[in-house]
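> If you scroll down you'll find the structure; I have some questions about it.
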Amino acid sequence: MDIAAAASSALFLSFHGFAVTLVPMRFGSLTLNSNLFLSPLAGYTNLPFRLTLREIGALDLATTDLINARSLLEKNPKALKLIETRPADQPLAVQLFGSVPEEMRDAAVQLEAMGIASVDINMGCPVRKVCRVGGGSAMMTELGKTSALVRGMVEAVKIPVTAKMRLGWDDENLTAPDLARALEDAGVSAIFVHGRTREQGFSGSVKLHGIRAVVQAVKRIPVIGNGDVTTPQAAKMMFDETGCAGVSIGRGAFYNPWIFQHTRHFLATGELPPEPDFEERVRVLCRHLDLMVEIFGETLGCRMFRKVAPWYAKRFGPANEFNKQVVTLSTRAEFHALLDNYRQWRRQFLDENGQLKPGYRPAPMVASFMPEPAVAQRTQIPAPKGPVEVW
Ligand SMILES: Cc1cc2nc3c(=O)[nH]c(=O)nc-3n(C[C@H](O)[C@H](O)[C@H](O)COP(=O)(O)O)c2cc1C
70 MDIAAAASSA
80 LFLSFHGFAV
90 TLVPMRFGSL
100 TLNSNLFLSP
110 LAGYTNLPFR
120 LTLREIGALD
130 LATTDLINAR
140 SLLEKNPKAL
150 KLIETRPADQ
160 PLAVQLFGSV
170 PEEMRDAAVQ
180 LEAMGIASVD
190 INMGCPVRKV
200 CRVGGGSAMM
210 TELGKTSALV
220 RGMVEAVKIP
230 VTAKMRLGWD
240 DENLTAPDLA
250 RALEDAGVSA
260 IFVHGRTREQ
270 GFSGSVKLHG
280 IRAVVQAVKR
290 IPVIGNGDVT
300 TPQAAKMMFD
310 ETGCAGVSIG
320 RGAFYNPWIF
330 QHTRHFLATG
340 ELPPEPDFEE
350 RVRVLCRHLD
360 LMVEIFGETL
370 GCRMFRKVAP
380 WYAKRFGPAN
390 EFNKQVVTLS
400 TRAEFHALLD
410 NYRQWRRQFL
420 DENGQLKPGY
430 RPAPMVASFM
440 PEPAVAQRTQ
450 IPAPKGPVEV
460 W
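Position in the sequence shown counted from 1, then plus 69, gives you the working numbering.
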């Protein structure tokens, strides 16, 4: 879709020179109340995190971690836990991976019967385990086979089927525009595109022109841009430079669970809301832990929280005391004791107004694709360590 066509197919509001796509937007039969999305982050975008973000607001469609279609059909308890949801967690998309057309189709049918709003197909995952079976990024390399698989899913369900991809395998093979066009013909309702190649992993810059090429390749369906959006300004730049219909945010929501609300406000008014203060961050952190404990039980919930809490702490200022202790967390009571200790320790970095003294404030977040001469440009935002680090 070219930019002009995108503009005429959606309602635009011009405010202080800001061209803002007005919600609602549509994914096939599904009407959405926000064009800001939560990207799937395996190990993180579980029910407690989604509920935490939704309570803050401005997030509508969120996607689960990727789920193996076969495991879902086999009713594997881990797969079923990954799709656990509640009325407050709607609308929800479940992301499937797999390369057996019948399994992908049947899993989509099962999800529709369970009331899931939308099914997303993972075509971007570069992890060997996923590519080896022909899923994830491997799907970007086999257009005909991938289209046939997608068509089978689209014909089997009424809910939207969407696809999430990278720009291509490597710089020599930027297949996303061709793939997007083929998938549109096969009936997908929207495309999510992370503006990096598989080869890039998470390094280097997100290529906005690559996302723009995907926007221009399709005729009718919305393209949702993704990659390194950690601030409202970065979201606006992605909209402006690519003509995408929506922006999907992953790691930015770890650092800043307010990002959806702040981006919506910024897009509508041109004003940037102030960063939440330490106490507000702690409030949301505690709410997140309560939900982890409620949904996973205290032992597992606290263990899982060990890797979540340090993301919040990245915006606390000095946090080594917090991070050192949180990695051994096993009960909620321990967490509150830890927090009390940390508050005491952190006081040495505060001025008389309770604000961090200048040299201790965290540097502003800057997306890889944003030229900001006033601040050192961040070429990479960290990805959590572990088997998913090359997602
Ligand atoms: C820890 C981690 C897990 C991820 N898991 C998934 C996944 O399950 N499915 C998927 O399509 N992408 C996954 N991704 C990729 C993200 O959805 C997203 O495309 C990428 O992180 C770029 O967006 P961001 O900069 O907003 O995080 C994962 C990324 C990370 C860092």
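Quick reminder that beta carbons are idealized off the backbone N, C-alpha and C, glycines included.
Predicted, not measured: the structure shown is a model, and the values here were computed from it.
(1) Residues bridged to V257 by DSSP?
(2) Is the beta carbon of S399 within less than 7 Å of some heavy atom of ligand 1?
(3) Nearest to T311 by CA position, among Y324, L336, T133 and K276, is which residue?
(4) Hey, is K233 close to ligand 1, as in C-beta under 7 Å from one of its heavy atoms?
(5) Taking the runs of the beta strand (DSSP E) that are 3 residues or longer, which of them lie wholly in the stretch 215–246?
(6) Where do the N-terminal and C-terminal ends of the beta strand (DSSP E) with D158 fall, by residue?
(7) Check the C-beta distance from M173 over to A148 and give it rounded, since I have them as a contact under 8 Å.
(8) Thinking C-alpha only, which one of K376, M183, R384 and F261 is nearest K393?
(9) Where does V239 land, buried or exposed, given buried means 16+ other C-beta within 10 angstroms?
(10) Decide yes or no for the touch test of the stretch 309–329 against the stretch 123–133: beta carbon pairs closer than 8 Å, at least 3 of them.
(11) Restricting to Cα atoms, I'd like to know which of I318, M306 and Q285 is closest to N295.
(12) If we call anything under 8 Å between Cβ atoms a contact, is F347 one with F323?
(13) Please classify S258: is it buried, with 16 or more other beta-carbons within 10 angstroms of its beta-carbon, or exposed?
(14) Is Q164 close to ligand 1? I mean its beta-carbon at under 7 Å from any heavy atom of the ligand.
(15) Just the C-alpha distance for L165 and D189, rounded to the nearest angstrom, thanks.
(16) Consult DSSP for M192 and reduce its assignment to one of helix, strand or coil.
(17) So R235 and G193 are in contact, right, with Cβ under 8 Å, and what is the actual spacing, rounded?
(18) Considering M307, what are the terminal residues of the beta strand (DSSP E) in which it resides?
(19) Is it true that the CB of L116 sits closer than 8 Å to the CB of F364?
(20) Measure from the alpha carbon of H405 to the alpha carbon of each residue in R356, V283 and G221, then state which is nearest.
(21) Quick one: measure Cβ to Cβ for T299 and G321, integer angstroms, because I've assumed they're closer than 8 Å.
(22) Quick check: the Cα distance between T368 and L248, rounded to an integer number of angstroms?
(23) Could you give the distance in angstroms between the alpha-carbon of W414 and the alpha-carbon of E241?
(24) So, L408 versus V362, is the Cβ gap smaller than 8 Å?
(25) So, does the stretch 413–428 touch the stretch 277–289, judging by three or more C-beta pairs under 8 Å?
(26) Alpha carbon to alpha carbon, what distance is there between A217 and E224?
(27) When the distance is taken between beta carbons, is I136 closer than 8 Å to L161?
Taking the coordinates as given:
(1) Here residue 257 refers to the residue found at position 188 of the sequence shown. For V257, which the question treats as bridged, DSSP gives no partner whatsoever.
(2) One-based indexing of the sequence shown puts residue 399 at position 330. Every heavy atom of ligand 1 is 7 Å or more from the Cβ of S399, so no.
(3) For this step, residue 311 is matched to residue 242 along the sequence shown. Comparing C-alpha distances from T311 to each of Y324, L336, T133 and K276 shows the shortest one belongs to K276.
(4) Taking the sequence shown and counting its residues from 1, the one referred to as residue 233 is at position 164. K233: yes, Cβ under 7 Å from ligand 1.
(5) Complete beta strand (DSSP E) runs here, min 3: 230–235.
(6) In the sequence shown, the residue the question calls residue 158 occupies position 89. Counting along the chain, D158 falls outside any beta strand (DSSP E), and DSSP gives it neither H nor E.
(7) The residue you call residue 173 lines up with position 104 of the sequence shown. The residue you call residue 148 lines up with position 79 of the sequence shown. Wrong, their Cβ atoms sit about 14 Å apart, outside the cutoff.
(8) Start at 1 with the first residue of the sequence shown, and residue 393 comes out as number 324. Checked all of K376, M183, R384 and F261; the closest Cα to K393 is K376.
(9) Position 170 of the sequence shown, counted from the first residue, corresponds to residue 239. Reading the sequence as shown, one finds Asp at residue 239 and not Val. With fewer than 16 other Cβ atoms within 10 Å, it is exposed.
(10) Between the stretch 309–329 and the stretch 123–133, the count of Cβ pairs shorter than 8 Å is three or higher; the stretches touch.
(11) For the purposes of this step, residue 295 is taken as the residue at position 226 of the sequence shown. For the set I318, M306 and Q285, the Cα lying nearest the Cα of N295 is the one of I318.
(12) Within the sequence shown, the letter at position 278 stands for residue 347. Within the sequence shown, the letter at position 254 stands for residue 323. In this structure, F323 does not lie closer than 8 Å to F347 by Cβ.
(13) The sequence position of residue 258 within the sequence shown is 189, counting from 1. By the neighbour-count criterion, in which a residue is buried when 16 or more other Cβ atoms sit within 10 angstroms of its Cβ, S258 is buried.
(14) Start at 1 with the first residue of the sequence shown, and residue 164 comes out as number 95. With a cut-off of 7 Å, the C-beta of Q164 is classified as near ligand 1, since at least one heavy atom of the ligand falls inside that distance.
(15) For the purposes of this step, residue 165 is taken as residue 96 along the sequence shown, with counting starting at 1. For the purposes of this step, residue 189 is taken as residue 120 along the sequence shown, with counting starting at 1. Approximately 6 Å, taken between the alpha carbons.
(16) On the sequence shown, residue 192 is found 123 positions in, with the first residue counted as 1. In this structure, M192 counts as strand in the three-state DSSP scheme.
(17) Numbered from its first residue, the sequence shown carries residue 235 at position 166. Numbered from its first residue, the sequence shown carries residue 193 at position 124. A Cβ-Cβ separation of about 4 Å places R235 in contact with G193 under the 8 Å criterion.
(18) Counting from 1 along the sequence shown, the entry for residue 307 is found at position 238. Note, M307: premise wrong, no beta strand (DSSP E); alpha helix (DSSP H) at P301 to T311.
(19) Position 295 of the sequence shown, counting from 1, holds the residue named residue 364. Position 47 of the sequence shown, counting from 1, holds the residue named residue 116. The sequence shown places Ile at residue 364, not Phe. Contact: yes.
(20) Numbered from 1 along the sequence shown, position 336 holds the residue referred to as residue 405. Nearest of R356, V283 and G221 to H405, Cα basis: R356.
(21) The residue you call residue 299 lines up with position 230 of the sequence shown. The residue you call residue 321 lines up with position 252 of the sequence shown. With a Cβ gap of about 4 Å, T299 and G321 count as contacting.
(22) Start at 1 with the first residue of the sequence shown, and residue 368 comes out as number 299. Start at 1 with the first residue of the sequence shown, and residue 248 comes out as number 179. Rounded to the nearest angstrom, the two C-alpha atoms are 44 Å apart.
(23) By 1-based counting over the sequence shown, the position of residue 414 is 345. By 1-based counting over the sequence shown, the position of residue 241 is 172. Rounded to whole angstroms, the gap between the alpha carbons of W414 and E241 is 51 Å.
(24) For the purposes of this step, residue 408 is identified with residue 339 of the sequence shown, where counting begins at 1. For the purposes of this step, residue 362 is identified with residue 293 of the sequence shown, where counting begins at 1. Going by beta carbons, L408 and V362 fall outside the 8 Å limit.
(25) No, because fewer than three Cβ pairs between the stretch 413–428 and the stretch 277–289 fall closer than 8 Å, the two stretches do not touch.
(26) Translated into positions along the sequence shown, residue 224 becomes position 155. Translated into positions along the sequence shown, residue 217 becomes position 148. Cα to Cα, the separation comes out at about 11 Å.
(27) Counting from 1 along the sequence shown, the entry for residue 161 is found at position 92. Counting from 1 along the sequence shown, the entry for residue 136 is found at position 67. Contact flag unset, no.
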